[in-house]
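Contents: one structure, followed by commentary.
Number of protein chains: 2
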Amino acid sequence: MRIAIDTLGADLGAERIAQGAIRALDQSKEISIILIGDESILKPIVTPKIADRVSIVHTTEKIETTDKPVMAIRRKKQASMVLGYQLLKDGKADALVSCGNTGALLAGGLFLSGRIKGIERPALTPVIPTMQGPKIMLDAGANVDCKAKFLLQFAQMGKIYSERVFQQTNTRVGLLNIGVEPGKGSQLYNEAYQLLEDSLDGFSGNVEARDVLQGNYDVLVADGFAGNILLKSVEGTASTLFGLLKTTFTATLASKLAALVLRKPLRGIKDRFDYHEVGGAPLLGIQHPVIKAHGSSDETAMMNAALFAEKFTKAGVIQAIQALNNEEE
Amino acid sequence: MRIAIDTLGADLGAERIAQGAIRALDQSKEISIILIGDESILKPIVTPKIADRVSIVHTTEKIETTDKPVMAIRRKKQASMVLGYQLLKDGKADALVSCGNTGALLAGGLFLSGRIKGIERPALTPVIPTMQGPKIMLDAGANVDCKAKFLLQFAQMGKIYSERVFQQTNTRVGLLNIGVEPGKGSQLYNEAYQLLEDSLDGFSGNVEARDVLQGNYDVLVADGFAGNILLKSVEGTASTLFGLLKTTFTATLASKLAALVLRKPLRGIKDRFDYHEVGGAPLLGIQHPVIKAHGSSDETAMMNAALFAEKFTKAGVIQAIQALNNEEE
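Which chain is which? The protein sequence lines are S and U, in order. When you line the first sequence up against our numbering, it's residues 1431 to 1759, in that order. When you line the second sequence up against our numbering, it's residues 1431 to 1759, in that order.
Following this line, the structure appears as structure tokens:
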């Protein structure tokens, strides 16, 4: 399986992104890596030992985080991300991993890969860390203006993803809301509740934002605006609290010694809520496997993302989403 | 100043709610307390020493958390919350504090107190704890389907509240959003951004959910759905993390000893994010001072809520909101 890696647009720089991705070669014998980016940086990384499993597609054009997504995708025809989509379309790569501009990656999904027939809106689908292990949530921000039908499709796609990639059985699909009772929330959420209750096997009702980390669901569905607010506030709160803890633990000699004793379990808590540990978020509903990795991914995160891309592609999520809509017709 | 206390509907029970509220009498010589609830429980609490400053309005009817808000407000005419609103309307109380059903309190605001002329939607306005101290945010869940104009009015009311009650100067009003750049977010948020930029002195732009706890704003504006998701996920994340820390700290003898050293600073962090420390959330945009206290308020929280009701009422927020709309016409 050929995994294309967009090495431009990540916080850490192309060299470390490429080095991380290459580490995946040791973990899986079935993959090869296509590095898209500046040849002069990437070539020295490709040692003779791995040369037969790594190729380079040269470009120096990059989509900046400040670029307007749709315009960037349309005009920057040599951008690493655009070339990545081109490899997928030409059948020269089987999956694409990018840490770049999320909006542009989503726009590329729509305009370069294309929606799966019958799917109205592709959704960005990250993992959310909970007390009951990682769960999946969608949409995390691809679609800020949603209709109830989109949310039903998110639920259907999320369920397939959860079952095929995470081997989930008896999948419970929850709807993010401001209360647990039916009838809570905005008009959109009332309609979505009804639609999910009528048409989705496994719908388990509303999930309050307060209970999201308890993880009493397998797939959490929301519109992209509320979903993004949820994920970012969980992330921001965890990061603020860990920052405060660090300050506390290093304040005095006594607290430093005490913190030493607690270091290992605290590390465990932190890792549990660390988005860097997670492989990446697929864009569900498009024709090709495209994985968004965190902009601040380090080497380990990139290795995980490349391996995750393989796992995701093998799991046949895209074929199952295609079949879903054939069934309906 | 006469502060009416709805003693029914709180998690802790009428007796402790009343005892907490009464503690406020020691803190402020200018207030008297009207306890609304079951006489047989409340009478023993009113000792001769405070008898001239505490009166009881007897009722045993209660709005349950499971009651439908509008129906409950309309049909349960002897409910403690409804009697509280009646005291305000009859000029027999100056402010009302309730820990009861939030939806019913909001419905009471609309149907029993009434909107201030020109205000389209009253908003629930809690404090949000941040690294730069407590800030205010609205709407926290009263209005789940909003128009851009509502958000502008939330901003105007929030600004008045922040300036009059918290003595804020050069008030910065931020708009909750999924990115900082103009043009981010849903259609509603794009329109609201434009409207705030055109009409609100002190508008400081979008605030990402991830940065909310950094507190680089004084007033944070959102629709009630996203606002509620934000607050509840901050609350849920903090509570989950503190729960995990507690488990870690009590796991072994060594960790217990270490935790002992860190107890005081950790307590400090916890208090900072503890919603119980906060006096309460006023319902801005209605004719009378109505303060929602947390359903799980303890005695200290109720004392704080009663004192906060006095402070809020004295600050003339309602008069300023009334004047705001006269100016516009």
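Every residue, glycine too, gets a C-beta built ideally from N, C-alpha and C.
> For the beta strand (DSSP E) that Lys-1459 of chain U lies in, which residues bound it at each end?
Replying inline: One-based indexing of the second sequence puts residue 1459 of chain U at position 29. Element bounds for Lys-1459 of chain U: n/a, residue is neither H nor E.
> So, helix, strand or coil for Ala-1681 of chain U, using DSSP?
Replying inline: Here the question's residue 1681 of chain U lines up with position 251 in the second sequence. Coil at Ala-1681 of chain U, not helix or strand.
> What residues are listed by DSSP as bridge partners for Glu-1638 of chain U?
Replying inline: By 1-based counting over the second sequence, the position of residue 1638 of chain U is 208. Paired residues: U:Asn-1607.
> By Cβ distance, which residues of its chain are closer than 8 Å to Glu-1460 of chain U, with the 5 residues on each side in sequence left out?
Replying inline: Position 30 of the second sequence, counted from the first residue, corresponds to residue 1460 of chain U. The answer, listed in chain order, is Met-1431 and Glu-1740.
> Tell me which same chain residues have a C-beta within less than 6 Å of the C-beta of Glu-1491 of chain U, skipping the five on either side of it?
Replying inline: The sequence position of residue 1491 of chain U within the second sequence is 61, counting from 1. Taken in chain order, the residues that qualify are Lys-1506, Gln-1508 and Ala-1509.
> Near Gly-1450 of chain S, what residues of its chain come up, given a Cβ to Cβ distance below 6 Å and the 5 sequence neighbours on each side ignored?
Replying inline: What you label residue 1450 of chain S is simply residue 20 of the first sequence in a count that begins at 1. Cβ-Cβ distances below 6 Å link Gly-1450 of chain S to Glu-1729, Met-1732 and Met-1733 in the same chain, with the five nearest sequence neighbours on each side left out; the list follows chain order.
> Could you give the distance in angstroms between the alpha-carbon of Ile-1566 of chain U and the alpha-carbon of Arg-1594 of chain U?
Replying inline: Taking the first residue of the second sequence as 1, we reach residue 1566 of chain U at position 136. Taking the first residue of the second sequence as 1, we reach residue 1594 of chain U at position 164. C-alpha separation (whole angstroms): 12 Å.
>> Is it buried or exposed, Met-1561 of chain U, if we count other Cβ atoms within 10 angstroms and call 16 or more buried?
In response: Mapped onto the second sequence, residue 1561 of chain U falls at position 131. Exposed, since its Cβ has fewer than 16 Cβ neighbours within 10 Å.
> To which residues of the same chain is Asn-1484 of chain U closer than 6 Å at the C-beta, ignoring the five residues directly before and after it?
Replying inline: Working through the second sequence from its first residue, we reach residue 1484 of chain U at position 54. According to the sequence provided, residue 1484 of chain U is Val. The question's Asn does not apply to it. Within the same chain, Val-1484 of chain U has close Cβ partners Ile-1463 and Val-1476.
> Is Arg-1602 of chain U closer than 7 Å to Gly-1666 of chain S when the C-beta atoms are compared?
Replying inline: Taking the first sequence and counting its residues from 1, the one referred to as residue 1666 of chain S is at position 236. Taking the second sequence and counting its residues from 1, the one referred to as residue 1602 of chain U is at position 172. No, these two residues do not count as a Cβ contact at 7 Å.
> Ends of the alpha helix (DSSP H) at Leu-1472 of chain U?
Replying inline: As a working note, residue 1472 of chain U is residue 42 in the second sequence. It spans 1469-1472 - the alpha helix (DSSP H) in which Leu-1472 of chain U sits, taken as one unbroken run.
> Who does Val-1484 of chain S pair with in a DSSP beta bridge?
Replying inline: The residue you call residue 1484 of chain S lines up with position 54 of the first sequence. S:Ile-1463, per the DSSP bridge assignment.
>> Nearest by alpha-carbon distance to Leu-1683 of chain U: which of S:Val-1691, S:Asp-1497 and S:Ala-1750 is it?
In response: To locate residue 1683 of chain U, count along the second sequence from 1; it is residue 253. Closest by alpha carbon: S:Val-1691.
>> Helix, strand or coil for Ala-1578 of chain U? Go by DSSP, reduced to three states.
In response: Taking the first residue of the second sequence as position 1, residue 1578 of chain U is located at position 148. Correct three-state label for Ala-1578 of chain U: helix.
>> With distance defined between alpha-carbon atoms, name the residue in U:Thr-1495, U:Leu-1536, U:Lys-1498 and U:Thr-1496 nearest to Tyr-1515 of chain U.
In response: To locate residue 1515 of chain U, count along the second sequence from 1; it is residue 85. Cα-wise, what sits closest to Tyr-1515 of chain U is U:Leu-1536.
>> Is Asn-1636 of chain S close to chain U? Criterion is C-beta to C-beta, closer than 7 Å.
In response: For this step, residue 1636 of chain S is matched to residue 206 along the first sequence. No - not a single Cβ of chain U is within 7 Å of the one on Asn-1636 of chain S.
> If Tyr-1647 of chain U sits next to Val-1747 of chain U, beta carbons under 8 Å apart, how far is it from one beta carbon to the other, in whole angstroms?
Replying inline: The residue given as residue 1647 of chain U occupies position 217 in the second sequence. The residue given as residue 1747 of chain U occupies position 317 in the second sequence. Not confirmed; about 19 Å, so no contact.
> By how many angstroms is the C-alpha of Ile-1447 of chain U removed from the C-alpha of Glu-1494 of chain U?
Replying inline: Working through the second sequence from its first residue, we reach residue 1494 of chain U at position 64. Working through the second sequence from its first residue, we reach residue 1447 of chain U at position 17. Taking the straight line joining both Cα atoms gives about 16 Å.
>> Contact defined as beta carbons within less than 8 Å: I believe Leu-1606 of chain U pairs with Ala-1578 of chain U. What is the distance between those atoms, to the nearest angstrom?
In response: By 1-based counting over the second sequence, the position of residue 1606 of chain U is 176. By 1-based counting over the second sequence, the position of residue 1578 of chain U is 148. About 14 Å; that fails the 8 Å criterion.
>> Would Ile-1452 of chain U and Leu-1472 of chain U be called neighbours here (beta carbons separated by less than 7 Å)?
In response: To locate residue 1452 of chain U, count along the second sequence from 1; it is residue 22. To locate residue 1472 of chain U, count along the second sequence from 1; it is residue 42. Going by C-beta atoms, Ile-1452 of chain U is not nearer than 7 Å to Leu-1472 of chain U.
>> Distance cutoff 7 Å, beta carbons only. Does Lys-1722 of chain U sit that close to anything in chain S?
In response: Taking the first residue of the second sequence as 1, we reach residue 1722 of chain U at position 292. Output row for Lys-1722 of chain U: interface = no.
>> Out of S:Leu-1643, S:Ala-1711, S:Leu-1687 and S:Leu-1737, which one is the CA nearest neighbour of Ile-1699 of chain S?
In response: Indexing the first sequence from 1 puts residue 1699 of chain S at position 269. The option with the nearest alpha carbon to Ile-1699 of chain S is S:Leu-1643.
> Is there a Cβ from chain S that is less than 7 Å from the Cβ of Asn-1658 of chain U?
Replying inline: Counted from its first residue, the second sequence places residue 1658 of chain U at position 228. For Asn-1658 of chain U, the answer is yes, since a Cβ of chain S falls inside 7 Å of its Cβ.
> Sorted by chain position, which residues of the same chain lie with C-beta nearer than 6 Å to Leu-1465 of chain U's C-beta, five sequence neighbours on each side aside?
Replying inline: On the second sequence, position 35 is the one that residue 1465 of chain U refers to. Ile-1435, Thr-1437, Ala-1448, Leu-1472 and Ile-1486, listed in sequence order.
> Using CA coordinates, which residue listed in S:Val-1720, S:Gly-1467 and S:Glu-1621 is at the minimum distance from Gly-1439 of chain S?
Replying inline: Walking along the first sequence from the start, residue 1439 of chain S turns up at place 9. Among S:Val-1720, S:Gly-1467 and S:Glu-1621, the Cα nearest to that of Gly-1439 of chain S is on S:Gly-1467.
>> Determine whether the beta carbon atoms of Pro-1695 of chain U and Thr-1555 of chain U lie at a separation below 7 Å.
In response: Your numbering for residue 1695 of chain U matches position 265 in the second sequence. Your numbering for residue 1555 of chain U matches position 125 in the second sequence. For Pro-1695 of chain U and Thr-1555 of chain U, no; Cβs fall outside 7 Å.
> What alpha helix (DSSP H) runs, 4 residues minimum, are completely inside the stretch 1609-1668 of chain S?
Replying inline: 1617-1629
>> So with CB distances below 7 Å, who are the chain S contacts of Val-1691 of chain U?
In response: The residue labelled residue 1691 of chain U in the question sits at position 261 within the second sequence. Those within 7 Å of Val-1691 of chain U in chain S are Ala-1684, Ser-1685 and Ala-1688.
>> I'd like to know if Lys-1662 of chain U contacts chain S, where contact means its C-beta is closer than 7 Å to some C-beta of that chain.
In response: Position 232 of the second sequence, counting from 1, holds the residue named residue 1662 of chain U. It does; some Cβ of chain S falls within 7 Å.
> Cα separation between Ala-1753 of chain S and Glu-1550 of chain S?
Replying inline: Numbered from its first residue, the first sequence carries residue 1753 of chain S at position 323. Numbered from its first residue, the first sequence carries residue 1550 of chain S at position 120. Their Cα atoms are separated by approximately 15 Å.
> By Cβ distance below 6 Å, which residues in the same chain neighbour Lys-1528 of chain S in space, the five residues on each side in sequence not counted?
Replying inline: Working through the first sequence from its first residue, we reach residue 1528 of chain S at position 98. Checking the sequence, you will find Ser at residue 1528 of chain S rather than Lys. Contacts found: Asp-1436, Met-1511 and Leu-1535.
> Tell me the DSSP bridge mates of Met-1732 of chain U?
Replying inline: Reading the second sequence from its first residue, position 302 is the one you call residue 1732 of chain U. Its beta-bridge partners do not exist; DSSP assigns none.
> Which residues in the same chain have their Cβ closer than 8 Å to the Cβ of Gln-1624 of chain S, if we skip the five residues on either side of it in sequence?
Replying inline: Within the first sequence, the letter at position 194 stands for residue 1624 of chain S. Within the same chain, Gln-1624 of chain S has close Cβ partners Ala-1578.
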